[in-house]
Every structure is written in C-alpha cells, then in structure tokens.
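**Q**
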Amino acid sequence: MKNIKDYSISELKQELEKIGEKPYRADQIYKWLYKVNVTSFDEMTDLSLALREKLKQEFTICNYNILEKQVSSDGTVKYLFDILDGNAIETVVMEYKHGRTICVSSQVGCRMGCKFCASTGISFIRNLSSGEIVEEILAVEKDLDIKISNVVFMGIGEPFDNFDNVMKAIEIINSPKGLEIGARHISISTCGVVPKIYEIADRDMQCTLSISLHQANNEKRSAMMPINNKYNIEELMKACRYYIEKTNKRISFEYALAKDNNDNEQDAKELVNLLKGMLCHVNLIPINKIQDGKFSKSTNENIIKFRDYLNNQGIVATIRRELGSDIDAACGQLRRKRGEEK
Ligand code: SF4
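If you want the working numbering, it's the position in the sequence shown, counting the first as 1, plus 71.
Right, dumping it as structure tokens:
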C-alpha cells in the first residue's frame, strides 16, 4: 500500500482528486500528519468517517516501532527503528545550544564503502522513500515530545545516491504546511558524488552542503573512500568551486581525524593547499572508534594542533563536540551490533 507521507502536498491533492475527493482535504491531512503528528487516520477528526475509511483503503501511515533506544549522559539519543519491512535504520538526536538536531539515515545500508564507517560491512539493501525519511523526524518528535530544529543528512546512506527521495523529503521537511524547518537548518552531507553537487548548485537550494573529505591527497583518500576512484579530489574541488560560485554559500568540509593516518602536519599542509581561498569551513571530527575498525581516534593534542595550524593559515576550522561517546554513537554501530547479536 502507498505511504501517505511519500506525497508532497501538490501530489497528495492529485491523489485525492483521483479518488473523487476535494484537493483542499490535503491541507487538512497535512495538518494532522505534520503539525499534530497523529499515528492513525481515525485521529483526523475533521474528516468525515467515510473519507477516513477511504484513506485507510488507499494509504498507510508509516509509524516506526522503536527496536532500541540509547540515551547518553550528554542528552544524545540514538534510535534503532523497525521500518516495517524487516529492516532497521538508525537515527540520532543531539542537543546543541541552538536547538535539537536530528541526524537522519537516507538508505538501508550504503554502497559507498568508506573504510572508517561502521555501516561498511552491512550491504546496501534499499533506498528509503521520502516518507520514510520524514518519519524518522516524526517518530523522534513523538517519542521525546520535542520539536526538531535542525536536520542533517549524515546518518547511514549517501544522500546523493538517493537523490530524488532526499529532495522530496527536504520539500516536506521545509514546507510551511509540512514540518516547517527552514532550509538553512537542513544540511546534506555527501562523500563526493560530483554530478549531484552540480545539480544541487543549479537548484540554488538554501540548504547547507557538507563534503566528507577526510583526506587531502588522492592516494590516501582512495584508500579510505572508494568514491575517490570515481571522482577524484580535483573533480570534487572543481564541483565545490562551482557550487560556491553559483550559490555564494559556504561549504563545510568534514575531516575525521584518525590517529597516524591523516592527523599529522603534512596532512594539515595538504589540506590548507587544497582549501586556501575557498569560502569554506572545516569541521574536524574526533573519529569514533568502531568495533574491528582499523582507525582510532587522534590524541587531543594532535586534534588541537591540527585545528590551530589550519586557523593560522586562514582556514576556519572547529572541532566538533563529541556527543554520545558513552553510547554506540557512530552511524551504523547500533545496527551492526544488533545484526551480529542476531
Ligand atoms: S560514511 Fe556515509 S557514505 Fe561512507 S559508507 Fe558510511 S554511510 Fe556510506
């Protein structure tokens, strides 16, 4: 059956017309779904009983079950959701001064195979639909009785490998009739799917773009991130410059520091050479050690040295606050652990 959350408001109007209903009913349904966050059609009390029955025949309201929930002492909450087809996905909520940020998954598994990622080793199963992505937010808001203020596409999956569904999810998240989260509060992170960087630049979206860079030279980046064999650093930087020129927006480069791998002075120098003069920000991430992973966290001293070097060379760099270090906070850890236990 069709998931009613997979429809933008204009599409839902068309769907309703197809079953002989007035298009304006879509506004009422949207209000119940995204403002009230109901879990059944029966709760849509300003719709006639006949229409509610019709909707039940045509659509499902996708409501995730919580398989596992971990709460960190710093307020980070990590969920493993049962997405109703036997698969599970992870979603994380973090508390910042500027509000609650949700990190959503965009796929079940991932095709990209980044070596530092806990999702690696779990094969790609399928894309999430737009409604399934949106449901991550609704399920968390319902469970915690909160309003999410920021959304980052940094969970499991490569958002640009599921481009159309992610774009439609953003439309629903951003819509004043949907979740009404401003585009500037939505961030998409890619490992470097170059053609989609051009596409997003041409769409002139107000969302923030993050690039998972992690290495500044091709040899090391290819060893860590197979996507680099397809689109190397030069191609990636060319697309990033196009994006900046077109949108006049700053790009955030993610750089996960791994001990004795990409955290020494030479690495910092290469990174400066790559980014010098660009409208950008570097987000340094103390890597989360994953089970059996071959990467481990840099020392605090190295992380600070690395940041200071970039800042002294005119590249704005900050260190991401470590959240959820007492739970399985790295993407894919919870799902992977559960898979192994099974
Ligand atoms: S880091 Fe992101 S893109 Fe890379 S394998 Fe993990 S989920 Fe996929």
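Backbone N, C-alpha and C define an ideal beta-carbon position, used for all residues, glycine too.
Using a Cβ-based criterion (distance less than 7 Å to any ligand heavy atom), does I304 qualify as near the ligand SF4?
**A** No, the beta carbon of I304 sits no closer than 7 Å to any heavy atom of the ligand SF4.
**Q** In chain order, what residues of the same chain lie with their CB nearer than 6 Å to the CB of L342, ignoring the 5 residues before and after it?
**A** Closer than 6 Å at Cβ, skipping near neighbours: A287.
**Q** What does the alpha-carbon distance come out to for the pair A240 and G202?
**A** Approximately 7 Å between the Cα atoms of the pair.
**Q** Would a C-beta distance cut-off of 8 Å place L355 and I374 closer than the cut-off?
**A** Going by C-beta atoms, L355 is nearer than 8 Å to I374.
**Q** For I137, which residues in the same chain have their Cβ closer than 7 Å to its Cβ, ignoring the five residues on either side in sequence?
**A** Same-chain partners within the cutoff: Y150, F152 and D214.
**Q** Where L209 and I257 are concerned, what is the direct C-alpha to C-alpha distance, given to the nearest angstrom?
**A** When rounded, the distance between both Cα atoms is 15 Å.
**Q** Would you tell me roughly how many angstroms separate the C-alpha atoms of A339 and S260, rounded to the nearest one?
**A** Their backbone Cα atoms lie some 22 Å apart in a straight line.
**Q** K330 and S369 - do their beta-carbons sit closer together than 8 Å?
**A** Yes. Within cutoff.
**Q** DSSP puts C351 in a beta bridge; with which residues?
**A** C351 is bridged to I322.
**Q** Would you kindly work out how many angstroms separate the C-alpha atoms of T318 and L328, rounded to a whole number?
**A** Those two C-alpha atoms are separated by around 29 Å.
**Q** If we ignore side chains and look at the alpha-carbon of each, how far apart do K168 and V148 end up?
**A** Roughly 16 Å separates the two Cα atoms.
**Q** Along the alpha helix (DSSP H) that carries G202, what are the first and last residues, could you check?
**A** Residues S201 to L215.
**Q** Look up R391 in the DSSP assignment and say whether it is helix, strand or coil.
**A** Of the three classes helix, strand and coil, the one that applies to R391 here is coil, per DSSP.
**Q** For the structure I just gave you, are there three or more beta carbon pairs, one from the stretch 231–251 and one from the stretch 126–136, closer than 8 Å?
**A** Short answer: they don't touch.
**Q** Do you know offhand how far H219's Cα is from V265's?
**A** The amino acid occupying residue 219 in the given sequence is Ile; His does not appear at that position. Cα to Cα, the separation comes out at about 30 Å.
**Q** Where do the N-terminal and C-terminal ends of the beta strand (DSSP E) with N221 fall, by residue?
**A** That run of the beta strand (DSSP E) goes N221 to F224.
**Q** DSSP on N332, reduced to helix/strand/coil?
**A** Correct three-state label for N332: coil.
**Q** Tell whether a beta-carbon distance below 8 Å holds between E325 and L350.
**A** No, Cβ-Cβ distance for E325 and L350 is not below 8 Å.
**Q** Just curious, the beta strand (DSSP E) that K140 is in, first and last residue?
**A** Element bounds for K140: N136 to V142.
**Q** I'd like to confirm something about E229: is its beta-carbon nearer than 7 Å to some heavy atom of the ligand SF4, or not?
**A** Yes, Cβ of E229 sits closer than 7 Å to a heavy atom of the ligand SF4.
**Q** Where are the alpha helix (DSSP H) runs, 4 residues long or more, that stay fully inside the stretch 271–322, in chain order?
**A** Runs found: 289–295, 298–301 and 304–318.
**Q** From the DSSP output, in three-state form, read off R182 for me.
**A** If DSSP states are grouped into helix, strand and coil, R182 belongs with coil.
**Q** So what does F152 bridge to, in DSSP terms?
**A** Answer by DSSP bridge pairing, in chain order: I137 and I160.
**Q** Run the CB neighbour count on M72, radius 10 Å, all protein chains shown included, and call it buried at 16 or more, exposed below.
**A** Classification of M72: exposed, given that the 10 Å Cβ count is below 16.
**Q** With DSSP as the reference, label A189 as helix, strand or coil.
**A** Here A189 sits in coil by DSSP.
**Q** Do T110 and N74 count as a contact pair if the criterion is CB distance below 8 Å?
**A** Contact flag unset, no.
**Q** Determine, using beta carbons only, whether E114 and W103 come nearer to each other than 8 Å.
**A** Cβ distance < 8 Å, so E114 and W103 count as in contact.
**Q** With a threshold of 7 Å, establish whether the CB of C174 neighbours any heavy atom of the ligand SF4.
**A** The answer is no for C174.
**Q** By DSSP, does Q362 sit in helix, in strand, or in coil?
**A** For Q362, the predicted structure reports a pLDDT of 48, less than 50, and the residue's modelled location is therefore unreliable. The matter cannot be settled from this model.
**Q** Provide the residue span of the alpha helix (DSSP H) that contains R123, from first to last.
**A** Counting along the chain, the alpha helix (DSSP H) containing R123 begins and ends at L120 to E129.
**Q** Alpha carbons only, please: which of C278, A272, N300 and I268 is nearest the one belonging to R255?
**A** Checking every option, the nearest Cα to that of R255 belongs to C278.
**Q** Buried or exposed, going by whether 16 or more other CB atoms sit within 10 Å of the CB of I227?
**A** By the 10 Å Cβ count, I227 comes out buried.
**Q** May I ask whether a heavy atom of the ligand SF4 can be found less than 7 Å away from the beta carbon of S194?
**A** Answer for S194: no, Cβ out of range of the ligand SF4.
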